[in-house]
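Numbering (the working numbering), first residue to last: 116 to 222. Every residue, glycine too, gets a C-beta built ideally from N, C-alpha and C. Single-structure report; data block below.
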Amino acid sequence: MWEGDMKLKSFDGIITLLTSSTWEHIIFKHPELKGKRKLIIEALKNPDEVFLDLKGSLYILKRVDLVSDYLVIVCGEDVGGRFIKTAYFSSLRRKERYYKWFRRLKP
């Protein structure tokens, strides 16, 4: 486990914060992501698809051939900037059902 926060540059050049408490949440709720921090960083920098929901959350998707079809990173923004809320693996079927309601930002 690492201490402190990480500031990461995302695909659009915006600095995105990954706090240690968020990382703890991610690996507690989604233990399959333990040890996959580099994959999350790579997905943030070079996603395959990006969606925006009606509340302003950003969904960054990276195609993977691991436990599931996609790695999803959910980001929010506030006055302090962009931050990672959570990350999880998702199936192609769920992507097709769930993200069709969101605005596509990156094909």
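8 Å Cβ cutoff met for residue i and residue j
i	j	result
L202	I130	According to the sequence as given, residue 202 is Ala; it is not Leu. For A202 and I130, no; Cβs fall outside 8 Å.
L154	F198	no
K230	V179	The question about residue 230 has no answer, for the chain in this structure spans 116 to 222.
L176	Y185	yes
L167	R218	yes
Of the listed residues the options, nearest to residue i (C-alpha basis)
i	options	result
G119	S125, P162 and E139	E139
D193	K170, V182 and S206	K170
N161	S136, L167 and G128	G128
L223	Y214, F143, S206 and G195	This structure leaves residue 223 out entirely; the chain is present only between 116 and 222.
T134	P146, G196 and S183	G196
H145	S183, E157 and D163	S183
Any non-hydrogen atom of the ligand GDP closer than 7 Å to residue i Cβ
i	result
S205	Ligands displayed in this structure: none; no statement on the ligand GDP is therefore possible.
Buried versus exposed, by CB contacts within 10 Å (16 or more), residue i
i	result
K122	exposed
S125	buried
L148	buried
K238	Within the shown structure, residues of the chain are numbered from 116 to 222, placing residue 238 beyond reach of any answer.
K151	buried
The segment 208-218 contacting the segment 189-197, beta-carbon criterion three pairs below 8 Å: no
Runs of beta strand (DSSP E) lying entirely within the segment 166-212, each at least 3 residues, in chain order: 173-178, 185-193 and 196-205
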